[in-house]
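Data first, discussion second: the structure below is written as structure tokens.
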């Protein structure tokens, strides 16, 4: 690694002058969350949707990103989908399950896209236990991943002066 003669103060001063850094610098708020206990890879996945409707015109009319994260390894998938219906969600999962990774449990929020008959039948077909949480914390690992993904995407948009995310997902 190359050593530089810059002080931390000089680096911070430089970063504060960069639009990409200052526009997307996160505000850190700390609060406690429930722990998620899992036994191994593919024991439990958390799933959610990221709403990208405001950018759909520039992204082949893809309105959402189905985000899936393995709670043990933190390996994540992002699958673009056009509509938030059971058919589109099931189609995305079928593509993912062809890769031979199938979880034992899936946790989601209570969105109708996950509660519907089509998605539930797919989970039963693959012998997956699906559940939701009863409180506001929801699926906190995937929610945190969504925040990271959105932050990275909007930093990319600023740096490259584009709003096209479908090509870099």
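In the numbering used here, the protein residues as written are 1 to 169.
Ideal Cβ placement from N, Cα and C applies to all residues, glycine included.
Quantities reported herein were computed from a predicted structural model and do not represent experimental measurements.
Confirm, please, whether the CB-CB distance from residue j to residue i is below 9 angstroms.
i: residue 59; j: residue 166; result: yes
i: residue 86; j: residue 117; result: yes
i: residue 114; j: residue 47; result: yes
i: residue 112; j: residue 84; result: yes
i: residue 88; j: residue 106; result: no
i: residue 22; j: residue 30; result: no
i: residue 169; j: residue 78; result: yes
According to the neighbour-count rule (16 or more other Cβ atoms, all chains shown, within 10 Å of its Cβ), is residue i buried or exposed?
i: residue 69; result: buried
i: residue 1; result: With a pLDDT of 45 at residue 1, under the threshold of 50, the predicted position of this residue should be treated as unreliable, though the coordinate-derived value follows. It is exposed - the Cβ of residue 1 has fewer than 16 other Cβ atoms within 10 Å.
i: residue 153; result: buried
i: residue 75; result: exposed
i: residue 62; result: buried
i: residue 119; result: buried
i: residue 108; result: buried
i: residue 7; result: exposed
Please report whether the beta-carbon of residue i lies at a distance below 9 angstroms from any beta-carbon of chain D.
i: residue 146; result: Among the protein chains of the structure shown there is no chain D, as only one such chain exists.
Let me make sure I understand the geometry here. Which of the options has the alpha-carbon closest to that of residue i?
i: residue 43; options: 107, 103 and 29; result: 103
i: residue 125; options: 78, 145 and 90; result: 90
i: residue 80; options: 99, 101, 71 and 56; result: 56
i: residue 82; options: 112, 135, 49 and 148; result: 49
i: residue 25; options: 147, 164, 169 and 163; result: 147
i: residue 140; options: 13, 11, 5 and 36; result: 36
i: residue 45; options: 12, 92, 20 and 67; result: 67
**Message:** Any contact between the segment 147-161 and the segment 119-137? By contact I mean 3 or more CB pairs, one from each, below 8 angstroms.
**Reply:** no
**Request:** Output the residue ranges of the beta strand (DSSP E) runs that lie fully inside the segment 121-161 and measure 3 residues or longer, sorted by chain position.
**Result:** 129-132
**Request:** Run through the segment 64-110 for me and flag every whole alpha helix (DSSP H) of 4 or more residues, listed as ranges in chain order.
**Result:** 86-97
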